[in-house]
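Numbering (the numbering used here), first residue to last: 3 to 372.
Below you'll find the structure, written out as structure tokens, and then a few comments.
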């Protein structure tokens, strides 16, 4: 009884060890496959981000070019050093838009496209490896299932054969030997041979399934080994490509910086040449070119024109009223002039009394009441 239990324990331990080894290999490949897939997904996301950066630079360049055109148009409509400075700003905005346009093209053509080509190629390769490994894994699972079924059948035939071989000798264990008739002996012999043949066929079939399952395991093992080597080569290629793309990105960005600085430096001279006094000469010239005093229109009453039909007495009365109106207004203006002159003298004696604007208003009033 102890020997049988020991054999069963050893058999179960062997099966457990084989399963653990197989599961360990499968888990190792699955972890490698997941690691490579995650790396590929990261590379794909990086390529998408770089493409978005390229699109942003292209869009920024387009918008900046439109603003530069507007700036150039507006600044050309005016003259002077300050307008020339803003025209230079528009020109440099256009130059900056060209830099960003070049950056967008460089990112898309020199970085993203080659990077995506490698990513897509590796994706197809990885899928092909996974299909091969999965196919061999399914084949191994099918043959292992057939092997287990054949083993079960083999064990059942072995137990049946053992029972058949012991038929007729059951009482010998208790010291009672049973004598079979000749007919029973022949019949029992046929059953024993049939049981032995069934066991032999079951053993052969089970062995064949074991061999075929082992071949399937070797095929799967070879496929996983080839896949692992392929994944390692792919990972090395991916890492190399990602490093090269990062180096290229650094080079492109570093080259952009000095060019932007140069573009800004070119604005130093036109902005330094801005002269408000020089530009104001145009305003002064325009002010002196023509008088801002419009034609003075004096009152022109109906009664003044002798050609107009009017009663003589009413004409005289009307003209006297107009004269009195004008004389009264002249007296008021004289008094106002005196008050303004006094205020002007007070401001001159005490400059802090009023603002420059109030002094200018007083000067204008004195000019008007001469």
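Cβ atoms here follow ideal geometry from the backbone N, Cα and C, with glycine treated the same way.
Ranked by Cα distance from residue 149, the options 237, 260, 66 and 217 are led by 217.
Residue range 115–168 is occupied by the alpha helix (DSSP H) that includes residue 156. Taking a 10 Å sphere around the C-beta of residue 236, we find 16 or more other C-beta atoms and assign the residue as buried. Our two residues, residue 92 and residue 268, have alpha carbons roughly 12 Å apart in a direct line.
Within the same chain, 131 and 135 come within 6 Å of residue 229 by CB-CB distance, once the 5 residues on both sides are set aside. For residue 270, the uninterrupted alpha helix (DSSP H) run begins and ends at 270–274, by DSSP. Using a Cβ distance threshold of 8 Å, residue 63 and residue 90 do not count as a contacting pair.
Taken atom to atom, the span from the alpha-carbon of residue 315 to that of residue 297 is near 33 Å.
Under the 8 Å Cβ criterion, the region 50–68 does not count as touching the region 77–90, having fewer than three qualifying pairs.
Look at residue 311 here: in three-state DSSP terms it is coil, with no helix or strand label.
A Cβ-Cβ contact shorter than 8 Å links residue 45 with residue 240. The continuous stretches of alpha helix (DSSP H) do not include residue 306, and DSSP gives it neither H nor E.
Counting of Cβ neighbours within 10 angstroms places residue 126 among the exposed residues, the total staying below 16. Put simply, the backbone Cα of residue 284 is about 52 Å away from that of residue 52. A Cβ-Cβ separation of about 6 Å places residue 303 in contact with residue 324 under the 8 Å criterion.
Residue range 83–108 is occupied by the alpha helix (DSSP H) that includes residue 98.
Residue 258 places its beta carbon less than 8 Å from that of residue 101. Between residue 142 and residue 219, the C-beta spacing is below 8 Å.
In terms of CA proximity to residue 282, 83 leads the group 83, 99, 331 and 78. Shortest Cα-Cα distance from residue 164 to any of 71, 194, 299 and 184 involves 194. With respect to the 8 Å criterion, residue 200 and residue 159 are classified as neighbours on the basis of their beta carbons.
A check of alpha carbon separations from residue 317 across 327, 326 and 306 identifies 306 as the nearest.
Less than 8 Å divides the Cβ of residue 247 from the Cβ of residue 113.
Look at residue 282 here: in three-state DSSP terms it is helix. Straight-line spacing of the CA atoms in residue 335 and residue 299 works out to 18 Å. Residue burial is scored here from C-beta neighbours: residue 98 has at least 16 other C-beta atoms within 10 angstroms and is therefore classed as buried. Taking all protein chains in view, the Cβ of residue 42 is crowded by 16 or more other Cβ atoms within 10 Å, so the residue is classified as buried. Judged by DSSP in its simplified three-state form, residue 220 adopts helix. Straight-line spacing of the CA atoms in residue 344 and residue 332 works out to 19 Å. CA-to-CA, the gap between residue 271 and residue 79 works out to about 21 Å. Here the alpha carbon of residue 326 sits roughly 55 Å from the alpha carbon of residue 81. Spanning the alpha carbons of residue 108 and residue 121 requires a straight line of approximately 19 Å.
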